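When you read off a place in the sequence shown, starting at 1, and then add 1, the result is the number in our numbering.
Where is the CB? At the ideal position from N, CA and C, for every residue including glycine.
Everything numeric in this text was worked out from a predicted model, so none of it was measured.
Taking it in order: structure first as structure tokens, then the write-up.
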Amino acid sequence: MSTDDDAQAAATNMCCASCGNTEGDEVKLKTCAACKLVRYCSVKCQKEHRPQHKARCKERVAELHDEILFQQPESSHLGDCPICLLPQSLYHDDATMMTCCTKIICDGCKFANMAHETEANLESKCPFCRKPESKSKAECIQNRMKRIEKKDPVAIREHGAWCLEEKDLGGAVTFLTQASNLGDAEAHYQLSKVYRDGLVVEKDSKKEWRLLEKAAIGGHPAARHKLGAREGS
């Protein structure tokens, strides 16, 4: 945004962009939720000013989106180990997802917990929530369903992946979509492949790339790689 635009935006923020009313005890200005550039004293003023503001609003929304998309994420989509708080390895074999709480525990913390339990002759429990570890596949699924009832996006996404393995494509799309709507970066990425390949849903390249962008913003390295390859092609 240019210096002139900055000055204009600053001046506009001091008063309603439509009628010019300044903020006071009886007048409260609300910022445009999309672009954050202008403020209005009422819904009526916002609607009346929409034809003038629409183009600049869309332009600024695109700028804000690109700023978030191209900045370096603080961490990968896997985040940190909830016990030692060190960044998770990108190699899935270096960590374990606990079915009881869907937390991903790094191998270091998992092995330290196992060593402590072996030494003290204790029952094997989750290093994070301390619940007894699942002893069967059925128990794992039961635990996952409990997490799904609590709207856990990781559990929902994992169930979507399980549906995919069981050839239940409809169920996979349903659960992956739910997890994606809850902001899960891995679900964004997996769902992008569904729209790329046209599994159950129609092929939709726009949705594919939009989901890849969401995954990339969430720190998903494969999504960022695909977007980078697309930019370079």
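According to the DSSP assignment, Met-146 belongs to the alpha helix (DSSP H) that extends over 138-150. The C-alpha of Arg-131 lies about 9 angstroms from the C-alpha of Ser-125. Lys-31 has Tyr-41 as its beta-bridge partners, per DSSP. When the beta-carbon positions are compared, Leu-212 and Leu-192 come within less than 8 angstroms of each other. Membership of Ile-106 in the beta strand (DSSP E) is indicated by the continuous run 105-107. According to the DSSP assignment, Thr-97 belongs to the beta strand (DSSP E) that extends over 96-98. From the listed residues Glu-68, Lys-152, Glu-120, the smallest Cα separation to Cys-36 is found for Glu-68. Bridge pairing for Asp-81: Pro-88 [DSSP]. When C-beta atoms of the segment 142-162 are compared with those of the segment 99-116, three or more pairs fall below 8 angstroms, so the two segments count as touching. Considering only Asn-14, Leu-38, Arg-197, the residue with the shortest C-alpha distance to Lys-227 is Arg-197. Leaving aside the five residues that flank Ser-181 on each side, the residues in its chain whose CB is nearer than 6 angstroms to its CB run, in chain order, Ala-188, His-189, Leu-192.
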